Amino acid sequence: MFFWCGAPFIRRWWISLRERDTNMFTLIVTGTGAAYFYSVAAVLFGDRFPATLRTAHGVPLYFEGAAVITTVVLIGQILEQRAHARTDAAIRALMDLAPKQAHRVRDGQEEDVSLDAVVPGDALRVRPGEKVPVDGEVLDGESNVDESMLTGEPEPAVKRAGEAVSAGTLNTTGTFLFRAERVGRDTLLAHIIQLVEEAQESEAPIQRLADRVANWFVPVVAGIALLTFLLWFGWGPEPRFVFALVNAVAVLIISCPCALGLATPVALVTGIGRGAQAGVLVKNAEALERLAAVTTVLIDKTGTLTEGKPRVVAVEPAGIFGENDLLAFAAAAESPSEHPLARAIVAAARAADYRWPRRSISTRNRAWASRRRF
Numbered sequence: 009m010f011f012w013c014g015a016p017f018i019r020r021w022w023i024s025l026r027e028r029d030t031n032m033f034t035l036i037v038t039g040t041g042a043a044y045f046y047s048v049a050a051v052l053f054g055d056r057f058p059a060t061l062r063t064a065h066g067v068p069l070y071f072e073g074a075a076v077i078t079t080v081v082l083i084g085q086i087l088e089q090r091a092h093a094r095t096d097a098a099i100r101a102l103m104d105l106a107p108k109q110a111h112r113v114r115d116g117q118e119e120d121v122s123l124d125a126v127v128p129g130d131a132l133r134v135r136p137g138e139k140v141p142v143d144g145e146v147l148d149g150e151s152n153v154d155e156s157m158l159t160g161e162p163e164p165a166v167k168r169a170g171e172a173v174s175a176g177t178l179n180t181t182g183t184f185l186f187r188a189e190r191v192g193r194d195t196l197l198a199h200i201i202q203l204v205e206e207a208q209e210s211e212a213p214i215q216r217l218a219d220r221v222a223n224w225f226v227p228v229v230a231g232i233a234l235l236t237f238l239l240w241f242g243w244g245p246e247p248r249f250v251f252a253l254v255n256a257v258a259v260l261i262i263s264c265p266c267a268l269g270l271a272t273p274v275a276l277v278t279g280i281g282r283g284a285q286a287g288v289l290v291k292n293a294e295a296l297e298r299l300a301a302v303t304t305v306l307i308d309k310t311g312t313l314t315e316g317k318p319r320v321v322a323v324e325p326a327g328i329f330g331e332n333d334l335l336a337f338a339a340a341a342e343s344p345s346e347h348p349l350a351r352a353i354v355a356a357a358r359a360a361d362y363r364w365p366r367r368s369i370s371t372r373n374r375a376w377a378s379r380r381r382f
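Going by my numbering, the sequence shown opens with residue 9, and the numbers climb by one from there.
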């Protein structure tokens, strides 16, 4: 357990000694190593230990202490890596917002190329239902572009010649031609991904404080253990060396900072990763820590808080038709449309499972309704 599960910690312990940069792992490996090798010595040479250290079952061993501490720290490292993996998954989801190919138009000929082959100045075509591959400016055509992934606004933005489009946004209706201006890591989407990556790697003030405490904590504990050894060796009962060693090892084991360097980074990485999955991008770890003291939050627009798409919440008929009738007729009329409001009406009718009205209406309207049933 100590050498196999603790191998990553032993490597960090050796690096900290070689570079004279003590940290949490310096003390953890020192304490667990002392407990382990003391227990080995007790098993091999237990008969040479003084009687005051032996019980009815022999000399007390610390194998379980070394194993438990190593396991707890290892679990903490696994949790931290899982938190990093969740954040990486959120980053990959952001990267998947951009299409893998683009329709490039040159000399009147259109060809499909990978995004790596797109350079600023290329003319690209975007068809209905496709995502914009890179940032650019519309040259020809007009369309409604869903920018909810950037703005949170459910209403598509109308894009005409001369207006800007961003990578990852969804073209909903028409076809347009635009000129690529920012490609690769220069796009707005790439900057958002970079922001999440930097936030993941940043350190909060409390984390830097924990690192500074660890830098001081390790030498202080080592000094206390050495002082304990010297005091017991100088003024303790015989055999002094054994008593001095046992008490110095006890100081090292008790002082293992299992949570000092684990709780803060795990909490920060988990918070940033969970926020990225929910669409909340954190500028850096310091901002996330300062958020704990916030009492008032101001939101710039409602689109920031909504789902990014409209839905029907109420139907108020006026005239001869009832609520069911009106919603059914509206859904039949809007079913061919790709507009978000049209989709919301159709989705509401399907969710409610509304049927055509049974009341007496004109034969012409009933025949029309039967043909338009969605």
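C-beta: ideal position from N, C-alpha, C; glycine also. Given the structure is predicted, the values throughout are model-derived calculations rather than measurements.
Counting only C-beta atoms, is A341 closer than 8 Å to chain C at any point?
Any reference to chain C falls outside this structure, which holds one protein chain only.
Within 10 Å of its beta-carbon, does V173 have 16 or more other beta-carbons around it, so buried, or fewer, so exposed?
Label assigned to V173: buried.
Check for me: the beta strand (DSSP E) holding R20 runs from which residue to which?
Not the beta strand (DSSP E): R20 falls in the alpha helix (DSSP H), residues A15 to R26.
For S263 and L35, which I take to be in contact (beta-carbon distance under 8 Å), what is that distance rounded to the nearest angstrom?
6 Å between Cβ atoms; contact.
Can you name, in chain order, every residue of its own chain whose Cβ lies under 8 Å from the Cβ of V37, other than the five neighbours on each side?
Taken in chain order, the residues that qualify are G14, F17, I18, R20 and W21.
CB-CB under 7 Å to D148, same chain, minus the five flanking residues each way: which ones, in chain order?
Cβ within range, chain order: A169, F184 and L185.
Does the beta-carbon of R112 have 16 or more other beta-carbons within 10 angstroms, so that it is buried, or is it exposed?
When all chains shown are included, R112 counts as buried.
Return the CA-CA distance between Q85 and A93, expressed in angstroms with no decimal places.
If I take the Cα positions, the gap works out to 12 Å.
In three-state terms, what does DSSP make of H111?
Residue state, collapsed to three classes: strand.
Any idea what DSSP makes of S156, helix, strand or coil?
The answer is helix: DSSP assigns S156 an H, G or I state.
Could you work out which residue in E171, A49 and N179 is closest to E163 when comparing CA atoms only?
Among E171, A49 and N179, the Cα nearest to that of E163 belongs to N179.
Per DSSP, what are the beta-bridge partners of Q117 in this structure?
Partner(s): R114.
Could you tell me the boundaries of the alpha helix (DSSP H) in which R187 lies?
First-last for R187: F184 to R190, but that is the beta strand (DSSP E), not the alpha helix (DSSP H).
Spatial neighbours of L253 within its chain, please: CB distance less than 8 Å, with the 5 preceding and 5 following residues excluded, ordered by chain position.
Answer for L253: Y46 and F237, listed in chain order.
Give every residue of the same chain whose Cβ lies closer than 7 Å to the Cβ of I232, excluding the five residues on either side of it in the sequence, and list them in chain order.
Once the five neighbours on either side are set aside, the close Cβ partners of I232 are V259.
Look at the alpha carbon of Y70 and the alpha carbon of A300, and state the distance between them as a whole number of angstroms.
Approximately 41 Å between the Cα atoms of the pair.
Tell me which residues share the same chain as R367 and place their Cβ nearer than 7 Å to its Cβ, disregarding the 5 neighbours each side in the sequence.
Any reading at R367 must be qualified, since the residue scores a pLDDT of 43, below 50, and its modelled position is unreliable; no value is offered.
Just confirm the distance between the C-beta atoms of D143 and R220, as a whole number of angstroms; I'd bet it's less than 8 Å.
Rounded, the Cβ-Cβ distance is 42 Å, inconsistent with contact.
Under three-state DSSP, which class holds S343?
In this structure, S343 counts as coil in the three-state DSSP scheme.
Leaving out five residues on either side along the sequence, give the residues of the same chain with a beta carbon under 7 Å from the beta carbon of P141.
Hits under 7 Å: A106, P107, A110, L123, V126, L132 and A175.
What is the C-beta distance between I353 and A336, in whole angstroms, given that I count them as a contact (C-beta under 8 Å)?
Their Cβ separation, rounded to whole angstroms, is 10 Å, which puts I353 and A336 out of contact at 8 Å.
Should L296 and V290 be called a contact, given that it needs their Cβ atoms to be closer than 8 Å?
Cβ distance < 8 Å, so L296 and V290 count as in contact.
Does T303 pass the burial test, meaning 16 or more other C-beta atoms within 10 Å, or should it be called exposed?
With fewer than 16 other Cβ atoms within 10 Å, it is exposed.
Can you name the start and end residues of the beta strand (DSSP E) that V142 belongs to?
Run containing V142: none; DSSP gives neither H nor E here.
Using the three-state DSSP reduction, which class does R133 fall into: helix, strand or coil?
Here R133 sits in strand by DSSP.
Under a Cβ-count criterion, where at least 16 other Cβ atoms within 10 Å of its own Cβ denotes burial, should G330 be classed as buried or exposed?
Exposed, by the Cβ-count rule.
Considering V166, what are the terminal residues of the beta strand (DSSP E) in which it resides?
Counting along the chain, the beta strand (DSSP E) containing V166 begins and ends at A165 to K167.
Under the three-state reduction of DSSP, which class applies to A322: helix, strand or coil?
Three-state DSSP puts A322 in coil, outside helix and strand.
Could you spell out the range, first to last residue, of the alpha helix (DSSP H) harbouring Y44?
M32 to F53 is the span of the alpha helix (DSSP H), which, as asked, contains Y44.
How many whole angstroms separate the CB atoms of P318 and P344, which I take to be in contact at a CB cut-off of 8 Å?
Wrong, their Cβ atoms sit about 18 Å apart, outside the cutoff.
So which of W243, W12 and P245 has the shortest CA-CA distance to A75?
The shortest C-alpha separation from A75 is found at W12.
For the alpha helix (DSSP H) that contains V250, what are its first and last residues?
Per DSSP, V250 belongs to the alpha helix (DSSP H) from R248 to I262.
What residue range does the alpha helix (DSSP H) around A357 cover?
Segment P348 to A360, the alpha helix (DSSP H) holding A357.
At which residues does the alpha helix (DSSP H) containing L306 begin and terminate?
From DSSP, L306 is part of no alpha helix (DSSP H); its letter is neither H nor E.
Could you pull out every residue in the same chain whose Cβ sits closer than 8 Å to the Cβ of L25, ignoring the five residues on either side in sequence?
Contacts found: T34.
Under the three-state reduction of DSSP, which class applies to L147: helix, strand or coil?
If DSSP states are grouped into helix, strand and coil, L147 belongs with the strands.
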